[in-house]
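Novice: Protein chains in written order, with our numbering: chain H, 3 to 470; chain U, 3 to 470. What follows is a single structure, and I will ask about it in a moment.
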């Protein structure tokens, strides 16, 4: 329509501005209308384009001006550091797992599954339906959309054995992502300066949330079978901690899955100490050769606080998770969420519910299982063939990651840099350790882009390892 | 399609279950397929329906069972209170402003504008476009979508006078609502146990976030023209506070707007004390007889931390806001946001940006101004005529609320209860005071549903006031 006139006016004004001083006033809309024989709407459009390009600025009621390249005074915010002082607990640096990478590298570092593993059609359809729904314009209750609370409760109910009272929908608090749940749980149930037991290694995001909450992190070693209940018992005893954070299913980074026996033993220890198990079921939808079996389903005495996220399996654009807890613990978590964010966008909640209640969601999950399996097996095999010194001690039964031990004495940071220089991004294991790393480890995500490049990636890692 | 068969099977199974014991096992899918001459897909559909109704439950690999009405053991979570102890700082109760109300009452209490004041068409179109966009399936940077950061920076630039260096897009951190910004600012820039100056009365959500952060709130009286700079100076002096939280434009609840002179005087005081002004520009889009004039636009020395929300003017479903800050303050806020939630859903960011960059958004805002004006004038006039003892000291030049002083000695809580019994919901002023209320006040929102009922609502308030 008027696109051509808009460009013509914008181009003319750019020419004019080339000869104008910064701060000069543009001709009035009226005179531009006359000069360019265009409608006021078209002139306004051209002005908006130039504004968006940062070339001009309008002062309402005064006029439009060539944007002065302001003498960018050297900014000195030194007074701020005096006002703020040293941070009480400096936050950990952001993990490699959050880095974006260019398309031409082989990326094993990400914390997220690649686009091709997401239910794209379901997500787009759900958002389109949501745009026409009540959720687009309304505010849901602080604890979440009742239908979504029910869905989360129902999922846990399906895994609950007879004789155990399942959680109710009102035990569920919907979250804008599970990271927010970790922050709230550590703030509301542990509190600044208090001890928090965590598996070691464990999810770096939990360590970040713990640092933010100012809690004192106490590592409990955890291997391919989970933590040793006796060591856990000792750690509770020695520290007086009231909370143990763990990932019983396909732990990040090790891929460990607890057996029911270990789960029950951990539950016994937790109960014995009048404490909580915070179960982060981050990979519930990423089972390969087994299914995720929430420990929470075997507890009805309020000792398990259960986090379940949909962000990674549905879409990072639809950021929704839930925490299920009972009694005063649930009340304190909800109170913290209210103070933190009042409520979670109903658009995201409605879209997430739409996706996971479609029959095609189950079909998607079945396909995903096969894709993860072949990706995992491809990477395990490639490493075995081409980078045998990166030793995968435990082939995980689910999740997104391999955890590889390198030869003793390997300089992991240097290895990571050398690999990156050769076009392969990997994550140093140190991000997942609350204290010193237990050895030289790297984490490799097999759910990243372009599995066709996995062998080449393994070849490069092997070459760099041999050279180091 | 198979809907009829599905219902037929579901009905048949319900009949069967009526005679079955809780916990009884349902016939296998195979035998149901044979019995009902239906496909396995149809049988599964019927079972899903019954599951969703809570009538049956399936145990993967075991079978499907009539859901036992479990002997709901009386839950005793007493051990939790022992484990958790008394909350350090009990959180304030949730304000009346967050209550949902049935349709048949006259609602003056809400903190949100009514649906008819929202740009419904724009919101739905933006979400539909977003469902087809890259944002539906990707993860934006922690600080926000660059285009949205630019939009927020651009808006502030447009209000920046010559000689002041405007903020850059990278000074902007996108938030999932401004409540999250308050939490982060109080945590990152004040810290537990430290003093925070606030206007009194002020926004209850800020008081809630302050309680969550464990900061010590110090009230500074603020009237229709804002705070007295000398009193503010004294409060900084006496407490050693480094941060003053305020709403210079159409303050909630009083509707006060600071003159440029007051803004400059407050800035001077803040600078003198090496402190921050946290400017909560919550009602930026709700100017009636004036425009919002951000104090932040007149500062380039990093002393103003500027909060701007789109939730209330775009849609409560599209929960997006931003905080603009410079230097180490910005870095600490961003670090806190990362630890708290990693990133904000790109779906919400893209949809918000889509709405506010449509030409129709400006048209909407112009219409909104007129609607707010007539609603405000209607309620002011109705109170004057029918509830003259509810005295509106200051007719606000923008915002959503009237702040009415009642006769000395009025029992406000009782008045609120009596009004509710008569079908009118109002909010007691005490929610907006950090300490004791300065007098008997109520807050009345003129942006709620059904303005045709405003006179009737005022009549009821007047009647209840006369009777009290």
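From the three backbone atoms N, C-alpha and C, an ideal C-beta is built for every residue, glycine too. Note that the structure is predicted; figures quoted are calculated from it, not measured.
1) Any contact between the region 225-244 of chain U and the region 372-392 of chain U? By contact I mean 3 or more CB pairs, one from each, below 8 Å.
2) Given that residue 343/U touches chain H, what residues does it touch there, using C-beta distances under 7 Å?
3) Alpha carbon to alpha carbon, how far is residue 167/H from residue 72/U? Give it in angstroms, no decimals.
4) Got a sec? Which residues, its chain only, sit under 8 Å from residue 334/U by beta carbon, not counting five neighbours each side?
5) Taking the alpha-carbon of residue 448/U as reference, which of 36/U, 119/U and 204/U has the nearest alpha-carbon?
6) Between the region 346-353 of chain U and the region 113-132 of chain U, do at least 3 Cβ pairs fall closer than 8 Å?
7) Rounding to the nearest angstrom, what Cα-Cα distance links residue 1/H and residue 220/U in this structure?
8) Given a cut-off of 8 Å, decide if residue 322/U and residue 187/U are closer than it, judged by their beta-carbon atoms.
9) Which whole runs of the alpha helix (DSSP H) in the region 279-356 of chain U are 4 residues long or more, in chain order?
10) Measure how close the beta-carbons of residue 431/U and residue 95/U come, nearest whole angstrom, since I'm counting them as under 8 Å.
11) Over the uninterrupted alpha helix (DSSP H) stretch that includes residue 368/H, give me the two end residues.
12) With 7 Å as the C-beta to C-beta threshold (strictly closer), list the residues of the region 110-132 of chain H near chain U in chain order.
13) How is residue 209/U classed by DSSP in three states: helix, strand or coil?
14) Check whether the Cβ atoms of residue 259/H and residue 113/H sit closer than 8 Å, and answer yes or no.
15) Could you tell me if residue 27/H is buried or exposed, where buried requires 16 or more neighbouring beta carbons within 10 angstroms of its beta carbon?
16) Run through chain H and tell me which residues come within less than 7 Å of residue 317/U, C-beta to C-beta.
17) Count Cβ pairs between the region 273-286 of chain U and the region 243-258 of chain U that sit closer than 8 Å; are there 3 or more?
18) Could you tell me which of 243/U, 455/U and 58/U sits nearest to residue 22/U, measuring between CA atoms?
19) As an exercise, report each continuous alpha helix (DSSP H) stretch of at least 4 residues that is fully enclosed by the region 55-117 of chain U, in chain order.
20) Given a threshold of 16 other Cβ atoms within 10 Å of its Cβ, counted over all protein chains shown, does residue 111/H qualify as buried or as exposed?
21) Can you name, in chain order, every residue of its own chain whose Cβ lies under 8 Å from the Cβ of residue 270/U, other than the five neighbours on each side?
22) Give the range of the alpha helix (DSSP H) segment to which residue 515/H is assigned.
23) For residue 274/H, which of helix, strand or coil comes out of DSSP?
24) If you scan the region 118-168 of chain H from start to end, which runs of the alpha helix (DSSP H) of 4 or more residues do you find wholly inside it?
25) Measuring only the C-alpha atoms, how far is residue 473/U from residue 389/U?
26) Closer than 8 Å, Cβ to Cβ, to anything on chain U: give me those residues from the region 327-340 of chain H, in chain order.
27) Determine which residues share a DSSP beta bridge with residue 414/H and list them.
28) How is the alpha helix (DSSP H) around residue 34/U delimited, first residue to last?
29) Give every residue of the same chain whose Cβ lies closer than 7 Å to the Cβ of residue 109/U, excluding the five residues on either side of it in the sequence, and list them in chain order.
30) Please state the DSSP three-state secondary structure of residue 454/U.
31) Could you give the C-beta distance for residue 408/H and residue 358/H, rounded to a whole number, given that I count them as a contact under 8 Å?
32) Please report how far the alpha carbon of residue 174/U lies from the alpha carbon of residue 154/U, in whole angstroms.
33) Per the contact definition of three or more C-beta pairs closer than 8 Å, is the region 438-447 of chain U in contact with the region 287-301 of chain U?
34) Quick one: what's residue 246/U bridged to in DSSP?
35) With a 10 Å radius around its C-beta and 16 neighbouring C-beta atoms as the bar for buried, classify residue 305/H as buried or exposed.
36) Counting only beta-carbon separations shorter than 8 Å, does residue 81/U have a partner in chain H?
Specialist: Put simply:
1) Contact between the region 225-244 of chain U and the region 372-392 of chain U is absent: fewer than three C-beta pairs spanning the two stretches fall below 8 Å.
2) Neighbours of residue 343/U on chain H, chain order: 178, 179, 181 and 182.
3) Because the pLDDT at residue 72/U is just 49, under 50, the model does not fix this residue reliably, and the point stays unresolved.
4) By the criterion of a C-beta distance shorter than 8 Å, residue 334/U is surrounded in its chain by 190 and 191, once the five residues flanking it on both sides are discounted.
5) Comparing Cα-Cα distances from residue 448/U to each of 36/U, 119/U and 204/U, the minimum goes to 119/U.
6) Using a C-beta cut-off of 8 Å, the region 346-353 of chain U makes contact with the region 113-132 of chain U, since at least three inter-stretch Cβ pairs fall below that distance.
7) Residue 1/H lies beyond the stretch modelled for chain H, which goes from 3 to 470, so this question has no answer here.
8) Not a contact, by the Cβ cut-off of 8 Å.
9) List check, alpha helix (DSSP H) in window: 313-316 and 329-343.
10) Actually they do not touch by this definition, with Cβ atoms about 15 Å apart.
11) Note, residue 368/H: alpha helix (DSSP H), 361-388.
12) Answer set for the region 110-132 of chain H: 114, 117, 120, 122, 125, 126, 129, 130 and 132.
13) Look at residue 209/U here: in three-state DSSP terms it is helix.
14) Going by beta carbons, residue 259/H and residue 113/H fall outside the 8 Å limit.
15) Per the 10 Å Cβ criterion, exposed.
16) Within 7 Å Cβ-Cβ: 138 and 139.
17) Contact check between the region 273-286 of chain U and the region 243-258 of chain U: three or more CB pairs, one atom from each, fall below 8 Å, which counts as touching.
18) Nearest Cα to residue 22/U within the set 243/U, 455/U and 58/U: 58/U.
19) List check, alpha helix (DSSP H) in window: 80-86.
20) Flag for residue 111/H reads buried.
21) For residue 270/U, where only same-chain residues beyond five positions count, the Cβ hits under 8 Å are 231.
22) Limits of chain H in this structure are 3 at one end and 470 at the other, which puts residue 515/H out of reach.
23) Assigned with DSSP and collapsed to three states, residue 274/H falls in helix.
24) If only complete runs of 4 or more residues are kept, the region 118-168 of chain H shows the alpha helix (DSSP H) at 122-133 and 148-160, in order along the chain.
25) Outside the modelled stretch of chain U, which goes from 3 to 470, sits residue 473/U, for which no answer is possible.
26) Per Cβ criterion, the list reads 328, 329, 330, 331, 334, 337, 338 and 340.
27) For residue 414/H, DSSP assigns no beta-bridge partner whatsoever.
28) First-last of the alpha helix (DSSP H) with residue 34/U: 31-38.
29) 103, 427, 450 and 451.
30) It is helical.
31) Contact doesn't hold; Cβ gap of about 39 Å is too wide.
32) Looking at the two C-alpha atoms, the distance is approximately 7 Å.
33) Too few Cβ pairs lie closer than 8 Å, so no.
34) Bridge pairing for residue 246/U: 199/U and 279/U [DSSP].
35) Per the 10 Å Cβ criterion, buried.
36) True, the Cβ-Cβ gap to chain H drops below 8 Å.
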